[in-house]
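In our numbering, each number is its position in the sequence shown, counted from 1, plus 1. By construction, the Cβ of each residue, glycine as well, lies at the ideal position given by its N, Cα and C atoms. Bear in mind that the values here come from a model prediction, so they are computed numbers and not experimental data.
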Amino acid sequence: MSTPYLRLSGIRKDYGSFTALNDVALDIAQGEFVCFLGPSGCGKTTLLRIIAGLEVQSAGRIELGGRDISRLPPAERDYGIVFQSYALFPNLSVADNVAYGLVNRRAGKAQVTARVAELLALVGLPGSQARFPAQLSGGQQQRIALARALACAPSLLLLDEPLSALDAIVRVKLRGEIRSLQRKLGVTTVMVTHDQEEAFAVADRIVVMNHGGIEQVGTAIQIYREPATLFVADFVGRINALTATLEAGGLRLGTQVFRCEHESLSGHAAGRELRVYLRPEDVLARPIPDGDSNVFEAQIDAIEFMGPYCLVRVHGESLGSAKLTVYLSLNYLAEAQLQVGSRLKLRLMAERMRVFS
Ligand code: ATP
Numbered sequence: 002m003s004t005p006y007l008r009l010s011g012i013r014k015d016y017g018s019f020t021a022l023n024d025v026a027l028d029i030a031q032g033e034f035v036c037f038l039g040p041s042g043c044g045k046t047t048l049l050r051i052i053a054g055l056e057v058q059s060a061g062r063i064e065l066g067g068r069d070i071s072r073l074p075p076a077e078r079d080y081g082i083v084f085q086s087y088a089l090f091p092n093l094s095v096a097d098n099v100a101y102g103l104v105n106r107r108a109g110k111a112q113v114t115a116r117v118a119e120l121l122a123l124v125g126l127p128g129s130q131a132r133f134p135a136q137l138s139g140g141q142q143q144r145i146a147l148a149r150a151l152a153c154a155p156s157l158l159l160l161d162e163p164l165s166a167l168d169a170i171v172r173v174k175l176r177g178e179i180r181s182l183q184r185k186l187g188v189t190t191v192m193v194t195h196d197q198e199e200a201f202a203v204a205d206r207i208v209v210m211n212h213g214g215i216e217q218v219g220t221a222i223q224i225y226r227e228p229a230t231l232f233v234a235d236f237v238g239r240i241n242a243l244t245a246t247l248e249a250g251g252l253r254l255g256t257q258v259f260r261c262e263h264e265s266l267s268g269h270a271a272g273r274e275l276r277v278y279l280r281p282e283d284v285l286a287r288p289i290p291d292g293d294s295n296v297f298e299a300q301i302d303a304i305e306f307m308g309p310y311c312l313v314r315v316h317g318e319s320l321g322s323a324k325l326t327v328y329l330s331l332n333y334l335a336e337a338q339l340q341v342g343s344r345l346k347l348r349l350m351a352e353r354m355r356v357f358s
């Protein structure tokens, strides 16, 4: 990365004897869209609030554009923020809500009016100046909150679960709009979310957090395909977790030894028990090449309809006691006349079997 725009180093936050964040370090580039993703209580909101100055870190340093802002009050930090709960002033009109920061900065009346109109057009609600928050839907209120956050053209946009109070359809629509707005303005953005699909959809990079620390930082594909830790593998996406023994020819699951071509296999001693992680889409029903050592016979235990594909749970002697989840298309299930109890051949993708000790 070129010089980071936002740099966090050694961030620690203690609440009494409880450590909510422990030695967090992170660099974010100018114009980047970064998501903090993690389970409830992992510290993502605390980290965002520390960047905002709404919470004071117990230790560590925050730099924004090369300036140490660690001890500055929120008003001197140059960011806009949107909260989960809209947080609009109910007694102020849309125009006054959006203008709030501008008026505080003593901008002229004509300038404020023009800027409010510009911002409302930007968030897709032109002409809504005279309305009040109670007359708006949740999605519309969040657009106004976004306009308010952007009013003073901050260099940093902080979003604290801005979509989680909205229903599914509005959420998907608004996240796309936030992403394109962010691209258009080029504003460096940090968003907290516990929804991985949301993080995948909008982020340039995702910071996966757990227990007050960072587990992995990477693009959605890096995190999905190459989870750095067992936690990330379990937390992000659906996964099959198997226990195998390392033998000369590969990984023994049940009665069969499977070839593994993932680099994570190197360095492990033969005879060791290992954890093998494999995504459902990396177990294939076709093609099934003749004589491939990763082909095995399985029996279907359950089929769960998911729309265009089904989650199919299988077992087989080759796998030992393990059960696997695989994705099979509805078309394939019909074509091959597969149902619960049917037997079929499957193949584990050797290059996708990620090994953890
Ligand atoms: P969620 O998705 O549930 O909001 P989060 O990852 O954002 O979770 P935080 O709100 O950052 O989690 O909280 C991190 C931890 O710090 C939690 O265990 C929380 O209980 C604790 N915590 C947060 N604020 C305080 C506080 N003011 N006093 C004591 N403990 C706190």
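With distances taken between CA atoms, P74 lies nearest to A53 out of L93, A88, A53, G81. Residue burial annotation: Q217 is buried, with at least 16 other C-beta atoms found within 10 angstroms of its C-beta.
In the three-state reduction of the DSSP assignment, Y225 falls in the helix class, which pools H, G and I. Under a 10 Å Cβ-count criterion, Q338 is classified as exposed, with fewer than 16 other Cβ atoms of the shown protein chains found around its own Cβ. At a cut-off of 3 residues, the continuous stretches assigned as beta strand (DSSP E) that sit fully inside the region 45-127 are 60-65, 80-83. Judged by the Cβ position, P40 qualifies as a neighbour of the ligand ATP at the 8 angstroms threshold, a heavy atom of the ligand being closer than this.
Ranked by Cα distance from G140, the first of I170, P127, L158 is I170.
The residues I207, A221, Y225, in chain order, have a CB closer than 8 angstroms to that of F201 in the same chain once the five nearest residues on each side in sequence are set aside. DSSP links K174 through a beta bridge to no other residue. Counting the other CB atoms within 10 Å of its CB gives A271 a total below 16, which places it among the exposed residues. The beta carbon of M192 sits no closer than 8 angstroms to any heavy atom of the ligand ATP. In the DSSP assignment, Q141 falls within the alpha helix (DSSP H) that extends over 139-151. Annotated three-state conformation of D283 is helix, per DSSP. Apart from sequence neighbours up to five positions away, the residues of its chain that approach M354 with a beta-carbon distance below 6 angstroms are C261, H263, V277, L279, ordered along the chain. Going by DSSP, L334 is part of the alpha helix (DSSP H) stretching over 331-336. Shown here, E262 sits in coil according to DSSP, grouped into three states, outside any helix or strand. Judged by DSSP secondary structure, E198 falls within the alpha helix (DSSP H) whose first and last residues are 197-203. Between G251 and S319, the CB-CB gap reaches or exceeds 9 angstroms. When only Cα atoms are considered, V327 and A30 end up about 38 angstroms apart.
In this structure, L345 and A299 form a Cβ contact; the two beta carbons are roughly 6 angstroms apart against a cut-off of 8 angstroms. Short of 6 angstroms from the beta carbon of G321, and not among the five residues preceding or following it, lie these beta carbons of its own chain, in chain order: L254, G255. In the DSSP secondary-structure assignment, D15 is bridged to T20.
Per DSSP, reduced to three states, the secondary structure at R353 is helical. Taking a C-beta distance under 9 angstroms as the contact criterion, S71 and K14 do not qualify as a contact pair.
Here the alpha carbons of E305 and V83 stand approximately 38 angstroms from one another. According to the DSSP assignment, V233 belongs to the alpha helix (DSSP H) that extends over 231-236. Just so you know, the alpha carbons of H269 and S358 end up roughly 8 angstroms apart. Considering only D283, M307, L120, S343, the residue with the shortest C-alpha distance to M350 is D283.
In this structure, Q197 lies away from L158, with their beta-carbon atoms at least 9 angstroms apart. Excluding sequence positions up to five before and after G66, its CB lies within less than 7 angstroms of the CB of Y6, S156, all in the same chain and listed in chain order.
Nearest neighbour of F19 by Cα position, chosen from R239, G213, R287, turns out to be G213.
Excluding five sequence positions before and after E274, the CB atoms of its chain that fall closer than 7 angstroms to its own CB belong to T244, T246, given in chain order.
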